[in-house]
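Asker: The structure's right below; bear with me while I get my questions together.
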Amino acid sequence: MKKRFKRIYIEITNVCNLKCRFCDTINRKQEFMTIDNVEKILEQIKNYTDYIYLHVKGEPLLHPNIEEILDLAFKYNLNVIITTNGTLIKNKAGILSKAKAIRQINISLHSIEQNSNLDFDKKLYFEDLFNTVEEITKVNNFYVSYRLWNLEDIKDSDKNTEVLNSLKNYYNISNLFELVKNNDFIKISEKKYINLDTIYEWPNLNKDVISKTGSCYGLINQIAILVDGTVVPCCLDQNGDINLGNILESGSKSNVKSGFKSDVINDKSESNLKVDLQNNSNYNYENSFENILNSNLAKEIAEGFKKNKLLHPLCQRCGFRELKRR
Ligand code: SF4
Ligand code: SF4
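If you want it as structure tokens, here you go:
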């Protein structure tokens with residue numbers, strides 16, 4: 002039977018070992034999800050998706066229990082996609098080589114360019130990284146996507162000269178610099194790719210409204226769960242502004258905070274939503290995943306997308322097309 006969501010993001014930690022320039026500081030407590038909570042979540046979502054993505058913010062390979070988390074995903078028959086900045090792949094090579102649940106690893110190679118303070122030999126770093134990836138995938142043949150999502154313009158490859166040179170030499174792609182001018186997806190081998198894209202901005206309630214019309218995959222074919230259990234429509238809601246409920250409070254009566262800020266709702270067209278958001282805050286239900294999906298707020302936002310309306314203030318401040326590629 003087809004499951005409702007193509008993917009569910011689970012933020013197993015919001016702690017990171019890097020500080021990329023484009024990555025906004027979050028206003029949430031920094032923490033690691035406990036194994037018990039990971040299992041509580043997997044039990045509840047297993048009938049809603051076949052694919053879990055272990056990130057929203059944070060570096061998933063920093064999680065001290067990453068091995069157990071991958072084992073749990075396997076137990077619940079879920080395919081795992083890891084997006085990592087790559088710096089811990091060598092450390093975790095033993096775990097990554099064995100984890101049967103892993104379907105794909107996305108390695109954000111742009112994170113090295115984004116942290117100009119990193120003081121090591123980049124050429125050696127990339128060579129070592131590619132070697133490790135090759136060793137791991139010899140025994141655990143998952144997909145690998147090397148990401149360069151730091152471009153101002155899709156044809157601008159200048160800022161990535163160093164890493165492209167390393168990729169070109171390591172994988173013997175003599176015309177790589179030509180290829181990246183006209184392609185955003187380059188196949189290296191059967192299950193390995195280079196993926197280029199422009200840099201994206203995180204939506205933020207303090208920014209100006211971009212649009213009130215549009216559609217999005219959030220709540221339609223994907224949804225995200227933040228490290229404290231807060232369910233949000235998408236992997237771009239980095240501060241939990243569209244708080245649909247807390248999946249870890251299952252069984253208790255909830256008092257859902259919408260994350261809605263009244264000062265950003267300032268025109269008539271948004272006043273109806275304001276009422277609904279407030280109703281959602283007072284809505285008492287057992288906070289199972291299913292009930293969260295059936296909450297007024299979740300249904301209104303999803304219906305809005307189907308009618309080409311961006312109802313939530315955060316969605317109105319979001320270059321939402323970006324969601325399609327995370
Ligand atoms: S973009 Fe990713 S790797 Fe970079 S600081 Fe943010 S969470 Fe860390
Ligand atoms: S429009 Fe943006 S903020 Fe709203 S659900 Fe989609 S990706 Fe998330």
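For the sequence shown, our numbering assigns the number 327 to the last residue and increments by one with no breaks.
For each residue, glycine too, the CB sits at the ideal point set by N, CA and C.
Excluding the five sequence neighbours on either side, which residues of its own chain have a C-beta within less than 7 angstroms of the C-beta of Leu-152, listed in chain order?
Answerer: Same-chain partners within the cutoff: Leu-197, Asp-198, Thr-199 and Ile-200.
Asker: Exposed or buried, Glu-179, counting other C-beta atoms within 10 Å across all chains shown (16 or more means buried)?
Answerer: Exposed, by the Cβ-count rule.
Asker: Per DSSP, what kind of secondary structure is Gly-219 in: helix, strand or coil?
Answerer: Here Gly-219 sits in strand by DSSP.
Asker: Between the Cα of Val-81 and the Cα atoms of Leu-43, Lys-139 and Leu-110, which residue gives the shortest distance?
Answerer: For Val-81, the nearest C-alpha among the options comes from Leu-43.
Asker: Could you tell me the alpha carbon to alpha carbon distance between Asn-132 and Thr-88, rounded to whole angstroms?
Answerer: Near 13 angstroms, if we compare the C-alpha coordinates of Thr-88 and Asn-132.
Asker: Hey, how far is the Cα of Thr-138 from the Cα of Asn-166?
Answerer: If you take the alpha carbons of Thr-138 and Asn-166, they lie about 22 angstroms apart.
Asker: Starting from Ser-1 and walking both ways along the alpha helix (DSSP H), at which residues does that stretch end?
Answerer: Residue 1 lies beyond the residue range present for the chain, which begins at 2 and ends at 327; the question has no answer from this structure.
Asker: State the beta-bridge partners of Val-232 as determined by DSSP.
Answerer: Partner(s): Ile-226.
Asker: Just how far apart, CA to CA, sit Phe-6 and Ile-293?
Answerer: For Phe-6 and Ile-293, the distance between alpha carbons rounds to 14 angstroms.
Asker: Identify every run of the beta strand (DSSP E) within the stretch 46 to 79, keeping only runs that are complete inside it and at least 3 residues long; order them along the chain.
Answerer: Listed in chain order, the complete beta strand (DSSP E) runs (minimum 3 residues) inside the stretch 46 to 79 are 52 to 54.
Asker: Confirm the yes/no value for this check: CB of Leu-62, any heavy atom of ligand 2, distance under 7 angstroms.
Answerer: Answer for Leu-62: no, Cβ out of range of ligand 2.
Asker: Classify Val-233: buried if its beta carbon has 16 or more other beta carbons within 10 angstroms, exposed otherwise.
Answerer: It counts as buried.
Asker: Beta carbon of Tyr-147, beta carbon of Ile-113: below 8 angstroms?
Answerer: No, the pair does not count as a contact, with Cβ atoms beyond the cut-off.
Asker: Is the separation between the beta-carbon of Leu-249 and that of Lys-41 shorter than 8 angstroms?
Answerer: For Leu-249 and Lys-41, yes; Cβs fall inside 8 angstroms.
Asker: For Ser-190, report the span of its beta strand (DSSP E) as first-last.
Answerer: Here the beta strand (DSSP E) through Ser-190 covers 186 to 190.
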